[in-house]
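The opening residue of the sequence shown carries number 3 in the working numbering; numbering runs sequentially from there. Each residue gets a CB set at the ideal place from its N, CA and C atoms; glycine is no exception. I have placed the structure first, in the form of structure tokens, so that the comments after it can refer back to it.
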Amino acid sequence: MKKIFRSKKQWQKILFAQPTSGLSISQYCKNKNINISNFYAWRKRLISNESPKPGFLRLIKPSFPTLKDLHIETPNGYKIELNGFDELIFQKILGLVKAI
Numbered sequence: 003m004k005k006i007f008r009s010k011k012q013w014q015k016i017l018f019a020q021p022t023s024g025l026s027i028s029q030y031c032k033n034k035n036i037n038i039s040n041f042y043a044w045r046k047r048l049i050s051n052e053s054p055k056p057g058f059l060r061l062i063k064p065s066f067p068t069l070k071d072l073h074i075e076t077p078n079g080y081k082i083e084l085n086g087f088d089e090l091i092f093q094k095i096l097g098l099v100k101a102i
């Protein structure tokens, strides 16, 4: 069998698509020509990387007076992008994220 290199994003798509396929993991892997051992290894790797670690995240207020754009990406793939940063809007977004 020819080795196929797949990126992390490709494995994320593969792992996300399997449950919705209606197939067992072994049948899904067989149909997609995926090594089942690699499937399980990547599933374990990505799940352990995405699990949030307990603790606190320190946010440091920038020393400059204004921030035009803000980009935040969490380890599990959530992205927050603010153009024209406003502190009140940011506080509301943090409240929503906290509620999740």
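Proximity winner among the options, relative to residue i (alpha-carbon distances)
i	options	result
Lys-49	Leu-90, Lys-10 and Leu-98	This sequence places Ile at residue 49; Lys is not what is there. Taking only the C-alpha atoms, the option nearest Ile-49 is Lys-10.
Asn-78	Arg-47, Tyr-30 and Lys-94	Arg-47
Ala-43	Leu-96, Glu-89 and Trp-13	Trp-13
Asn-37	Gly-97, Ile-6, Leu-90 and Lys-100	Ile-6
Arg-8	Phe-41, Pro-21, Leu-98 and Gln-29	Phe-41
Pro-80	Leu-96, Asn-33, Ser-23 and Glu-89	A small fix is needed here, since residue 80 is Tyr in this sequence, not Pro. With distances taken between Cα atoms, Tyr-80 lies closest to Leu-96.
Arg-45	Asp-71, Ile-62, Ile-16 and Gly-24	Ile-16
Identity of the residues DSSP links to residue i by a beta bridge
i	result
Glu-89	According to DSSP, which records beta bridges pairwise, Glu-89 is partnered with nothing at all.
Lys-46	Note: Lys-46 sits in no beta bridge, so no partner.
Ile-1	Given a span of 3 to 102 for the chain in the structure shown, any question on residue 1 remains unanswerable.
Lys-81	Glu-75
Chain C contact for residue i (CB, 8 Å cutoff)
i	result
Pro-21	Included in the structure is just one protein chain, with no chain C present.
Opening and closing residue of the beta strand (DSSP E) in which residue i lies
i	result
Leu-72	71-75
Status (buried if at least 16 other CB within 10 Å, exposed otherwise) for residue i
i	result
Gln-93	exposed
Gln-20	buried
Residue range of the alpha helix (DSSP H) that includes residue i
i	result
Ser-23	10-23
Lys-34	27-34
Same chain only: Cβ atoms within 6 Å of residue i, ignoring 5 sequence neighbours per side
i	result
His-73	Glu-83
Lys-32	none
Contacts around residue i, its chain only, beta-carbon distance under 8 Å, and the 5 residues preceding and following it disregarded
i	result
Ser-39	none
Val-99	Tyr-80 and Ile-82
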